[in-house]
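The sequence shown begins at 2 in the working numbering and counts up one residue at a time. Even for Gly, the Cβ is constructed at its ideal location relative to N, Cα and C. These numbers come from a predicted model, not from an experiment. A quick write-up on the structure given underneath.
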Amino acid sequence: MQRLTKAEEEVMQVIWRKERCLVSDILDEMEQKSGKRPPHSTISSIVRILEKKGFVGHKAYGRTYEYFPLVSKGDYSRRSLHKLVKDYFDGSVNKLVSFLVREEKLSPDELADLLDRLKEKE
Numbered sequence: 002m003q004r005l006t007k008a009e010e011e012v013m014q015v016i017w018r019k020e021r022c023l024v025s026d027i028l029d030e031m032e033q034k035s036g037k038r039p040p041h042s043t044i045s046s047i048v049r050i051l052e053k054k055g056f057v058g059h060k061a062y063g064r065t066y067e068y069f070p071l072v073s074k075g076d077y078s079r080r081s082l083h084k085l086v087k088d089y090f091d092g093s094v095n096k097l098v099s100f101l102v103r104e105e106k107l108s109p110d111e112l113a114d115l116l117d118r119l120k121e122k123e
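This is how it looks when you write it as structure tokens:
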């Protein structure tokens, strides 16, 4: 599975949330979120790129296209996380968790929850 650019991920987030949408729906949501409406041509181009990459499919209604995800958010998240661990933490989840604790991105309660989940798997 190919990696997505930041702009492609932003558009995919909208498509994942909506499940089925038009380019105008993506524009509306992006405008709501940022206060700025991106150009229609930019979002249309990104959606076409996502389609070429196999992330999005479409159904035509005349000249209007309704887009839907072909790759689930869960699958993309899983693969992205595995790649992050491999590329930045030498493939070690332990190093990732240590980093999160050290950077105070993981609270003691969250760490305790992780430990409980590990104990349940035993």
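Based on Cα-Cα distance, which residue from VAL12, SER99 and PRO109 lies nearest to GLU32? VAL12
CB LEU107 to CB LEU101, shorter than 8 Å? yes
Quick one: what's got a C-beta closer than 6 Å to GLU30's C-beta in the same chain, skipping five residues either side? VAL15
Strand pairing of THR65, partner residues [DSSP]: TYR62
Under the three-state reduction of DSSP, which class applies to PRO109: helix, strand or coil? helix
Distance check for PHE69 and VAL57, CA to CA, integer angstroms please. 6 Å
Residue range of the alpha helix (DSSP H) that MET31 falls in? 24-35
If you check the beta carbons only, do GLY92 and LEU71 fall under 8 Å apart? no
I need the DSSP call for VAL98, collapsed to helix, strand or coil. helix
Please state whether the Cβ-Cβ distance between LYS60 and GLU52 is less than 8 Å. no
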